[in-house]
Amino acid sequence: MSVRNDLLPRPAADEAHEERLRARIRRILEVGETPDPRTAATIGLLFASGAMPSLRPPLPWTSTTVIRASEIARDHWGPEVVAAAVTRTAAAIVAASTACVATTTR
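Here this note's numbering is used: the first residue of the sequence shown is 261, the next is one more, and so on.
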């Protein structure tokens, strides 16, 4: 069985797009620029999934950036869905792990 390489995530061929997006996110969170809907959705999803601190290069994770990111996440519908999905997934993992431990320790 062969693995389809086109399904694996890869960096963009043109890294300039990613650099512009990171710079835009930084300006929105640090300077307070108004986000366009697409960038607001990106920030909201990154914040709701807990991935915001793993941006590279990293943002200074100050109270200002956290508050701003949470405001954008709260004002956008997408992150609520992601946060709920992450919570459900985490709960399912805990339940499955507990069931495994309970059945193997008798």
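Cβ atoms here follow ideal geometry from the backbone N, Cα and C, with glycine treated the same way.
Inset, instruction - Mind checking which residues open and close the alpha helix (DSSP H) that includes HIS277? - result: Here residue 277 corresponds to residue number 17 of the sequence shown, with the count starting at 1. If you look at HIS277, you'll find it in the alpha helix (DSSP H) that goes 275–286.
Inset, instruction - Look at THR325 and GLU290 and say whether their C-beta atoms are less than 8 angstroms apart. - result: In the sequence shown, residue 325 corresponds to position 65, counting from 1. In the sequence shown, residue 290 corresponds to position 30, counting from 1. Taking 8 angstroms as the Cβ cut-off, THR325 and GLU290 qualify as a contacting pair.
Legend entry - ARG328 burial status per 10 Å Cβ neighbour count (16 or more: buried): Locating residue 328 in the sequence shown gives position 68, counting from the first residue. ARG328 comes out buried.
Inset, instruction - For LEU306, collect the residues of the same chain with a Cβ closer than 6 angstroms to its Cβ; drop the 5 residues on either side in sequence, then sort them by chain order. - result: Locating residue 306 in the sequence shown gives position 46, where the first residue counts as 1. Closer than 6 angstroms at the Cβ level, and outside the excluded window around LEU306, lie MET312.
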